[in-house]
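Visitor: Pasting in a structure now, in C-alpha coordinates, and then I'll have a few things to ask.
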(Lines of atoms letter the chains of each structure in order from A and count residues from 1; the text may use other names and numbers.)
(Lines give C-alpha, C1' and ligand atoms only; values in the text may rest on other atoms or scores of the structure.)
Protein backbone atom coordinates (compact mmCIF):
# COMPACT_ATOMS: atom_id res chain seq x y z
CA UNK A 1 0.00 0.00 0.00
CA UNK A 2 1.00 3.65 -0.35
CA UNK A 3 1.88 5.80 2.66
CA UNK A 4 3.35 9.25 3.28
CA UNK A 5 6.10 8.86 5.87
CA UNK A 6 8.09 11.43 7.76
CA UNK A 7 11.82 10.63 7.80
CA UNK A 8 13.35 13.93 8.92
CA UNK A 9 12.57 17.66 8.81
CA UNK A 10 12.02 18.54 5.17
CA UNK A 11 11.84 14.86 4.21
CA UNK A 12 8.41 13.28 3.73
CA UNK A 13 8.37 10.37 1.28
CA UNK A 14 5.58 8.61 -0.58
CA UNK A 15 6.44 4.93 -0.15
CA UNK A 16 5.14 1.43 -0.76
CA UNK A 17 4.91 -0.66 2.42
CA UNK A 18 3.15 -3.93 3.36
CA UNK A 19 -0.45 -3.58 4.50
CA UNK A 20 -0.76 -3.77 8.27
CA UNK A 21 -2.61 -6.56 10.06
CA UNK A 22 -5.04 -6.12 12.95
CA UNK A 23 -3.77 -7.95 16.01
CA UNK A 24 -5.59 -8.67 19.26
CA UNK A 25 -7.65 -5.69 20.44
CA UNK A 26 -7.10 -3.73 17.21
CA UNK A 27 -9.07 -2.93 14.08
CA UNK A 28 -7.78 -2.21 10.59
CA UNK A 29 -9.45 0.51 8.55
CA UNK A 30 -9.43 1.63 4.94
CA UNK A 31 -8.65 5.33 5.27
CA UNK A 32 -11.14 7.38 3.27
CA UNK A 33 -10.14 10.84 4.46
CA UNK A 34 -7.32 12.21 6.56
CA UNK A 35 -7.40 15.98 6.76
CA UNK A 36 -4.36 18.18 7.24
CA UNK A 37 -3.61 20.95 9.70
CA UNK A 38 -0.93 23.41 10.69
CA UNK A 39 0.66 20.78 12.93
CA UNK A 40 1.51 18.72 9.84
CA UNK A 41 3.38 21.75 8.48
CA UNK A 42 5.30 22.08 11.76
CA UNK A 43 6.22 18.38 11.70
CA UNK A 44 7.42 18.66 8.11
CA UNK A 45 9.58 21.69 8.91
CA UNK A 46 10.89 20.84 12.37
CA UNK A 47 9.95 17.27 13.28
CA UNK A 48 8.53 16.51 16.71
CA UNK A 49 10.11 15.07 19.85
CA UNK A 50 7.43 12.35 20.05
CA UNK A 51 8.03 11.13 16.49
CA UNK A 52 10.62 8.43 15.90
CA UNK A 53 11.05 8.20 12.11
CA UNK A 54 10.02 6.74 9.85
CA UNK A 55 6.42 7.50 10.83
CA UNK A 56 3.25 7.65 8.76
CA UNK A 57 1.76 11.10 9.42
CA UNK A 58 -1.88 12.20 9.64
CA UNK A 59 -4.18 12.45 12.66
CA UNK A 60 -7.60 13.70 11.44
CA UNK A 61 -8.82 10.28 10.36
CA UNK A 62 -12.02 8.74 9.02
CA UNK A 63 -12.53 5.46 7.18
CA UNK A 64 -14.22 2.09 7.22
CA UNK A 65 -13.31 -1.07 9.09
CA UNK A 66 -11.94 -3.89 6.94
CA UNK A 67 -10.61 -6.24 9.63
CA UNK A 68 -11.36 -6.82 13.31
CA UNK A 69 -8.72 -8.24 15.62
CA UNK A 70 -9.23 -11.00 18.16
CA UNK A 71 -11.19 -9.95 21.22
CA UNK A 72 -12.77 -6.86 19.64
CA UNK A 73 -16.54 -6.73 20.06
CA UNK A 74 -19.15 -4.30 18.79
CA UNK A 75 -17.36 -3.55 15.52
CA UNK A 76 -17.61 -5.21 12.11
CA UNK A 77 -16.11 -4.83 8.64
CA UNK A 78 -17.96 -2.10 6.78
CA UNK A 79 -18.54 0.08 9.84
CA UNK A 80 -17.77 3.74 9.11
CA UNK A 81 -15.58 5.22 11.83
CA UNK A 82 -13.72 8.32 13.00
CA UNK A 83 -10.55 7.93 15.06
CA UNK A 84 -9.40 10.18 17.91
CA UNK A 85 -5.98 11.79 17.55
CA UNK A 86 -4.98 12.23 21.21
CA UNK A 87 -5.02 8.98 23.20
CA UNK A 88 -5.24 9.32 27.00
CA UNK A 89 -4.03 6.38 29.07
CA UNK A 90 -7.31 6.14 30.97
CA UNK A 91 -5.53 4.97 34.12
CA UNK A 92 -3.51 7.84 35.61
CA UNK A 93 -4.72 10.21 38.33
CA UNK A 94 -5.73 12.89 35.81
CA UNK A 95 -7.72 10.41 33.74
CA UNK A 96 -9.40 9.02 36.86
CA UNK A 97 -10.40 12.59 37.76
CA UNK A 98 -11.89 13.05 34.29
CA UNK A 99 -9.09 15.32 33.03
CA UNK A 100 -8.39 13.25 29.92
CA UNK A 101 -7.17 16.18 27.81
CA UNK A 102 -4.18 16.70 30.10
CA UNK A 103 -3.21 13.05 30.61
CA UNK A 104 0.58 13.09 31.21
CA UNK A 105 0.86 9.74 29.42
CA UNK A 106 -1.04 10.85 26.33
CA UNK A 107 -0.02 9.37 22.99
CA UNK A 108 -1.13 10.43 19.52
CA UNK A 109 -1.95 9.03 16.11
CA UNK A 110 0.65 10.05 13.55
CA UNK A 111 3.20 10.56 16.34
CA UNK A 112 3.50 7.42 18.49
CA UNK A 113 1.49 5.31 16.04
CA UNK A 114 1.26 5.31 12.25
CA UNK A 115 -1.43 7.74 11.13
CA UNK A 116 -3.86 8.28 8.32
CA UNK A 117 -1.73 9.38 5.36
CA UNK A 118 -2.05 5.80 4.17
CA UNK A 119 -4.45 3.58 2.28
CA UNK A 120 -4.86 1.34 5.33
CA UNK A 121 -4.00 1.74 8.99
CA UNK A 122 -4.42 -0.08 12.27
CA UNK A 123 -6.31 1.55 15.12
CA UNK A 124 -4.34 0.65 18.28
CA UNK A 125 -5.99 -1.27 21.11
CA UNK A 126 -5.33 1.76 23.36
CA UNK A 127 -7.76 3.79 21.22
CA UNK A 128 -10.53 1.24 21.60
CA UNK A 129 -9.85 0.94 25.33
CA UNK A 130 -10.75 4.62 25.87
CA UNK A 131 -13.78 4.63 23.52
CA UNK A 132 -11.78 6.53 20.92
CA UNK A 133 -13.31 4.86 17.86
CA UNK A 134 -16.53 6.63 16.91
CA UNK A 135 -19.26 5.44 14.59
CA UNK A 136 -19.93 8.00 11.86
CA UNK A 137 -23.61 8.99 11.90
CA UNK A 138 -25.73 8.40 8.81
CA UNK A 139 -25.65 11.34 6.45
CA UNK A 140 -22.13 12.42 7.45
CA UNK A 141 -19.45 11.88 4.82
CA UNK A 142 -15.94 10.66 5.56
CA UNK A 143 -14.43 14.06 4.79
CA UNK A 144 -16.80 15.80 7.20
CA UNK A 145 -16.16 13.15 9.84
CA UNK A 146 -12.41 13.75 9.62
CA UNK A 147 -13.09 17.32 10.80
CA UNK A 148 -14.61 16.00 14.03
CA UNK A 149 -11.11 15.91 15.54
CA UNK A 150 -10.32 19.62 15.15
CA UNK A 151 -13.92 20.48 16.07
CA UNK A 152 -13.50 18.39 19.23
CA UNK A 153 -10.50 20.54 20.19
CA UNK A 154 -12.55 23.68 19.56
CA UNK A 155 -15.38 22.26 21.66
CA UNK A 156 -13.01 21.64 24.55
CA UNK A 157 -11.73 25.22 24.30
CA UNK A 158 -15.19 26.77 24.28
CA UNK A 159 -16.41 24.64 27.16
CA UNK A 160 -13.41 25.77 29.23
CA UNK A 161 -14.08 29.41 28.28
CA UNK A 162 -17.81 28.97 28.98
CA UNK A 163 -19.00 30.40 25.65
CA UNK A 164 -22.75 30.78 25.92
CA UNK A 165 -25.97 32.70 25.39
CA UNK A 166 -25.64 36.40 24.65
CA UNK A 167 -21.84 36.51 24.58
CA UNK A 168 -19.83 38.80 22.34
CA UNK A 169 -16.97 36.62 21.12
CA UNK A 170 -13.75 37.60 19.36
CA UNK A 171 -11.85 34.91 17.47
CA UNK A 172 -8.30 35.86 16.51
CA UNK A 173 -7.06 33.75 13.62
CA UNK A 174 -9.09 32.92 10.52
CA UNK A 175 -7.69 29.50 9.67
CA UNK A 176 -9.79 26.34 9.87
CA UNK A 177 -9.73 26.40 13.68
CA UNK A 178 -10.87 30.03 13.74
CA UNK A 179 -13.70 29.20 11.33
CA UNK A 180 -14.81 26.31 13.53
CA UNK A 181 -14.71 28.61 16.57
CA UNK A 182 -17.02 31.08 14.83
CA UNK A 183 -19.55 28.40 13.95
CA UNK A 184 -19.43 26.65 17.30
CA UNK A 185 -19.84 29.94 19.18
CA UNK A 186 -22.97 30.66 17.17
CA UNK A 187 -24.34 27.20 17.92
CA UNK A 188 -23.74 27.82 21.63
CA UNK A 189 -25.85 30.99 21.54
CA UNK A 190 -23.28 33.77 21.18
CA UNK A 191 -24.92 37.09 20.36
CA UNK A 192 -22.14 38.33 18.08
CA UNK A 193 -18.94 36.75 16.81
CA UNK A 194 -16.08 38.84 15.43
CA UNK A 195 -13.26 37.31 13.40
CA UNK A 196 -9.79 38.89 13.19
CA UNK A 197 -6.60 38.14 11.28
CA UNK A 198 -3.45 39.93 10.16
CA UNK A 199 -3.80 38.52 6.63
CA UNK A 200 -6.55 40.41 4.77
CA UNK A 201 -6.83 37.85 1.97
CA UNK A 202 -7.15 34.88 4.29
CA UNK A 203 -9.63 36.79 6.47
CA UNK A 204 -11.80 37.60 3.47
CA UNK A 205 -11.82 33.95 2.36
CA UNK A 206 -12.83 32.77 5.84
CA UNK A 207 -15.39 35.52 6.40
CA UNK A 208 -17.10 34.70 3.10
CA UNK A 209 -17.68 31.17 4.41
CA UNK A 210 -18.56 31.64 8.08
CA UNK A 211 -20.09 35.14 8.03
CA UNK A 212 -18.85 36.76 11.26
CA UNK A 213 -20.67 39.85 12.50
CA UNK A 214 -17.51 41.78 11.70
CA UNK A 215 -14.21 40.84 10.05
CA UNK A 216 -11.29 42.83 11.45
CA UNK A 217 -7.97 42.94 9.62
CA UNK A 218 -5.53 43.57 12.44
CA UNK A 219 -2.83 44.26 9.88
CA UNK A 220 -4.73 47.37 8.79
CA UNK A 221 -6.42 48.60 11.97
CA UNK A 222 -5.90 48.47 15.73
CA UNK A 223 -7.67 45.30 16.83
CA UNK A 224 -8.28 46.39 20.43
CA UNK A 225 -9.71 49.75 19.40
CA UNK A 226 -11.96 48.14 16.82
CA UNK A 227 -13.35 45.59 19.27
CA UNK A 228 -14.02 48.31 21.83
CA UNK A 229 -15.86 50.34 19.19
CA UNK A 230 -17.96 47.33 18.15
CA UNK A 231 -18.90 46.64 21.77
CA UNK A 232 -19.62 50.23 22.82
CA UNK A 233 -16.44 50.37 24.87
CA UNK A 234 -17.33 47.33 26.94
CA UNK A 235 -15.08 44.74 25.34
CA UNK A 236 -15.78 41.11 24.46
CA UNK A 237 -17.17 38.52 26.86
CA UNK A 238 -14.87 35.90 25.34
CA UNK A 239 -11.63 36.32 23.39
CA UNK A 240 -10.19 33.21 21.71
CA UNK A 241 -6.65 33.41 20.35
CA UNK A 242 -6.74 30.76 17.63
CA UNK A 243 -3.30 31.72 16.38
CA UNK A 244 0.27 31.14 17.56
CA UNK A 245 0.68 34.79 18.51
CA UNK A 246 1.95 36.22 21.77
CA UNK A 247 0.85 39.67 20.62
CA UNK A 248 -2.71 38.39 20.19
CA UNK A 249 -2.66 36.95 23.70
CA UNK A 250 -1.56 40.30 25.12
CA UNK A 251 -4.25 42.12 23.13
CA UNK A 252 -6.85 39.67 24.42
CA UNK A 253 -6.32 41.02 27.94
CA UNK A 254 -6.95 44.55 26.70
CA UNK A 255 -10.15 43.84 24.78
CA UNK A 256 -11.88 41.53 27.26
CA UNK A 257 -14.92 42.89 29.08
CA UNK A 258 -15.19 42.88 32.84
CA UNK A 259 -15.47 39.26 34.01
CA UNK A 260 -14.48 38.26 30.46
CA UNK A 261 -12.95 34.91 29.63
CA UNK A 262 -9.82 34.53 27.52
CA UNK A 263 -8.84 31.28 25.79
CA UNK A 264 -5.18 30.84 24.92
CA UNK A 265 -6.17 28.28 22.32
CA UNK A 266 -3.15 28.51 20.03
CA UNK A 267 0.15 27.51 21.59
CA UNK A 268 3.21 29.71 21.18
CA UNK A 269 6.58 28.72 19.68
CA UNK A 270 8.68 26.83 22.22
CA UNK A 271 11.54 29.30 21.82
CA UNK A 272 9.29 32.31 22.51
CA UNK A 273 6.49 31.31 24.92
CA UNK A 274 6.57 34.26 27.35
CA UNK A 275 4.20 37.23 27.08
CA UNK A 276 3.69 40.42 29.08
CA UNK A 277 0.59 40.15 31.25
CA UNK A 278 -0.94 43.22 32.86
CA UNK A 279 -1.86 41.52 36.11
CA UNK A 280 -3.95 44.48 37.23
CA UNK A 281 -6.27 44.04 34.26
CA UNK A 282 -6.83 40.46 35.36
CA UNK A 283 -7.26 41.51 38.98
CA UNK A 284 -9.55 44.52 38.70
CA UNK A 285 -11.65 43.28 35.78
CA UNK A 286 -11.94 39.77 37.26
CA UNK A 287 -10.76 38.18 34.04
CA UNK A 288 -10.41 34.45 33.57
CA UNK A 289 -7.59 33.08 31.40
CA UNK A 290 -7.83 29.43 30.34
CA UNK A 291 -5.68 27.17 28.22
CA UNK A 292 -6.98 24.54 25.82
CA UNK A 293 -5.07 21.38 25.01
CA UNK A 294 -6.58 19.03 22.45
CA UNK A 295 -9.68 17.00 23.17
CA UNK A 296 -10.99 13.91 24.89
CA UNK A 297 -12.68 10.90 23.27
CA UNK A 298 -16.01 12.25 24.53
CA UNK A 299 -15.36 15.58 22.80
CA UNK A 300 -14.84 13.70 19.52
CA UNK A 301 -18.15 11.89 19.90
CA UNK A 302 -19.97 15.15 20.66
CA UNK A 303 -18.28 16.89 17.73
CA UNK A 304 -19.53 14.20 15.36
CA UNK A 305 -23.04 14.73 16.67
CA UNK A 306 -22.79 18.51 16.19
CA UNK A 307 -21.78 17.88 12.56
CA UNK A 308 -24.54 15.31 12.03
CA UNK A 309 -27.20 17.59 13.53
CA UNK A 310 -26.13 20.50 11.34
CA UNK A 311 -25.33 22.63 14.39
CA UNK A 312 -21.78 23.14 13.12
CA UNK A 313 -21.59 22.77 9.31
CA UNK A 314 -18.14 21.76 8.09
CA UNK A 315 -18.46 20.50 4.50
CA UNK A 316 -17.99 23.93 2.94
CA UNK A 317 -14.82 24.52 4.97
CA UNK A 318 -13.10 21.78 2.96
CA UNK A 319 -11.68 23.85 0.12
CA UNK A 320 -9.19 21.31 -1.26
CA UNK A 321 -9.41 17.53 -1.78
CA UNK A 322 -6.15 15.89 -2.84
CA UNK A 323 -4.87 12.36 -3.33
CA UNK A 324 -2.20 10.72 -1.20
CA UNK A 325 0.43 11.31 -3.88
CA UNK A 326 -0.30 15.04 -3.53
CA UNK A 327 0.43 15.23 0.19
CA UNK A 328 3.34 17.64 -0.31
CA UNK A 329 1.05 19.93 -2.30
CA UNK A 330 -1.42 19.75 0.58
CA UNK A 331 1.23 20.75 3.12
CA UNK A 332 2.35 23.61 0.87
CA UNK A 333 -1.21 24.93 0.48
CA UNK A 334 -1.71 24.82 4.25
CA UNK A 335 1.66 26.50 4.88
CA UNK A 336 0.80 29.35 2.49
CA UNK A 337 -2.62 29.89 4.07
CA UNK A 338 -4.19 29.46 0.65
CA UNK A 339 -6.93 27.11 1.88
CA UNK A 340 -9.34 26.75 4.73
CA UNK A 341 -9.27 22.98 5.09
CA UNK A 342 -7.35 20.49 2.96
CA UNK A 343 -8.25 16.80 3.09
CA UNK A 344 -6.29 13.84 1.74
CA UNK A 345 -8.27 11.03 0.11
CA UNK A 346 -5.89 8.02 -0.10
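In the numbering used here, the protein residues as written are 2 to 347. Every residue gets a Cβ at the ideal spot worked out from N, C-alpha and C, and that includes glycine.
(1) Residue 72 and residue 26: beta carbons closer than 8 Å?
(2) So what does DSSP say about residue 184, is it helix, strand or coil?
(3) For the region 260 to 275 against the region 57 to 77, do three or more pairs of beta-carbon atoms, one drawn from each stretch, fall closer than 8 Å, so that the two count as touching?
(4) So the beta strand (DSSP E) residue 77 belongs to, where does it begin and stop?
(5) Which residue or residues does DSSP assign as beta-bridge partners of residue 242?
(6) Do residue 118 and residue 55 come within 8 Å of each other at the CB atom, strictly closer than that value?
(7) To the nearest angstrom, how far is it from the Cα of residue 339 to the Cα of residue 67?
(8) Looking at the structure shown, is residue 280 part of a helix, part of a strand, or coil, going by DSSP?
(9) According to DSSP, residue 66 sits in a beta bridge with which residue or residues?
(10) Measuring CA to CA, which of 28, 41, 22, 157 is closest to residue 11?
(11) Determine whether the beta carbon atoms of residue 316 and residue 37 lie at a separation below 8 Å.
(12) Roughly how many angstroms separate the alpha carbons of residue 17 and residue 3, rounded to a whole number?
(13) Just to confirm before moving on: does the CB-CB distance between residue 259 and residue 227 stay below 8 Å?
(14) Determine which residues share a DSSP beta bridge with residue 35 and list them.
(15) Could you check if residue 78 is buried or exposed, using at least 16 other CB atoms within 10 Å of its CB as the buried criterion?
(16) Note down the Cα distance separating residue 234 from residue 225, rounded to an integer number of angstroms.
(17) For residue 136, which beta-bridge partners are listed by DSSP?
(18) Going straight from the alpha carbon of residue 261 to that of residue 171, what length do you get?
(19) Can you give me the start and stop residues for the beta strand (DSSP E) that residue 348 sits inside?
(20) Tell me the rounded alpha-carbon separation between residue 85 and residue 110.
(21) Specify whether the region 172 to 189 and the region 236 to 253 touch according to this definition: at least 3 beta carbon pairs, one from each stretch, less than 8 Å apart.
(22) Across which residues does DSSP place residue 297 in a beta bridge pair?
(23) Look at the Cβ atom of residue 82, then the Cβ atom of residue 44, and state whether they are nearer than 8 Å.
(24) For the alpha helix (DSSP H) containing residue 313, name the first residue and the last one.
Guide: Reading it off the structure:
(1) Stepping through the chain shown from its first residue, residue 72 is reached at position 71. Stepping through the chain shown from its first residue, residue 26 is reached at position 25. In contact: residue 72 and residue 26 (Cβ atoms closer than 8 Å).
(2) For this step, residue 184 is matched to residue 183 along the chain shown. Helix, per DSSP.
(3) no
(4) Mapped onto the chain shown, residue 77 falls at position 76. It is not in any beta strand (DSSP E) - residue 77 carries neither H nor E in the DSSP assignment.
(5) In the chain shown, the residue the question calls residue 242 occupies position 241. For residue 242, which the question treats as bridged, DSSP gives the partners 173.
(6) Position 54 of the chain shown, counted from the first residue, corresponds to residue 55. Position 117 of the chain shown, counted from the first residue, corresponds to residue 118. The answer is no: Cβ separation not under 8 Å.
(7) The residue labelled residue 339 in the question sits at position 338 within the chain shown. The residue labelled residue 67 in the question sits at position 66 within the chain shown. In a straight line, the C-alpha of residue 339 is about 35 Å away from that of residue 67.
(8) Your numbering for residue 280 matches position 279 in the chain shown. Correct three-state label for residue 280: helix.
(9) The residue labelled residue 66 in the question sits at position 65 within the chain shown. BP columns for residue 66 point to 30.
(10) As a working note, residue 11 is residue 10 in the chain shown. Nearest option by C-alpha distance: 41.
(11) Position 315 of the chain shown holds residue 316. Position 36 of the chain shown holds residue 37. Contact flag unset, no.
(12) Here the question's residue 17 lines up with position 16 in the chain shown. Here the question's residue 3 lines up with position 2 in the chain shown. Rounded to whole angstroms, residue 17 to residue 3 spans 5 Å at the Cα level.
(13) Position 258 of the chain shown, counted from the start, is the residue given in the question as residue 259. Position 226 of the chain shown, counted from the start, is the residue given in the question as residue 227. No, the pair does not count as a contact, with Cβ atoms beyond the cut-off.
(14) By one-based count along the chain shown, residue 35 stands at place 34. DSSP, once it has assigned bridges, lists 62, 345 as partnering residue 35.
(15) On the chain shown, position 77 is the one that residue 78 refers to. Exposed.
(16) Locating residue 234 in the chain shown gives position 233, counting from the first residue. Locating residue 225 in the chain shown gives position 224, counting from the first residue. Taking the straight line from one Cα to the other gives about 10 Å.
(17) For this step, residue 136 is matched to residue 135 along the chain shown. According to DSSP, which records beta bridges pairwise, residue 136 is partnered with 82.
(18) The count along the chain shown starts at 1 and reaches residue 261 at position 260. The count along the chain shown starts at 1 and reaches residue 171 at position 170. The alpha-carbon atoms of residue 261 and residue 171 are separated by roughly 11 Å.
(19) Residue 348 lies beyond the stretch modelled for the chain, which goes from 2 to 347, so this question has no answer here.
(20) As a working mapping, residue 85 is identified with position 84 in the chain shown. As a working mapping, residue 110 is identified with position 109 in the chain shown. Between residue 85 and residue 110, the C-alpha separation is close to 8 Å.
(21) yes
(22) Position 296 of the chain shown, counting from 1, holds the residue named residue 297. Answer is none; residue 297 lacks a bridge partner.
(23) Translated into the one-based positions of the chain shown, residue 82 becomes position 81. Translated into the one-based positions of the chain shown, residue 44 becomes position 43. Contact: no.
(24) Here residue 313 is taken as the residue at index 312 of the chain shown, counted from 1. Segment: none, residue 313 is in no alpha helix (DSSP H) and carries neither H nor E.
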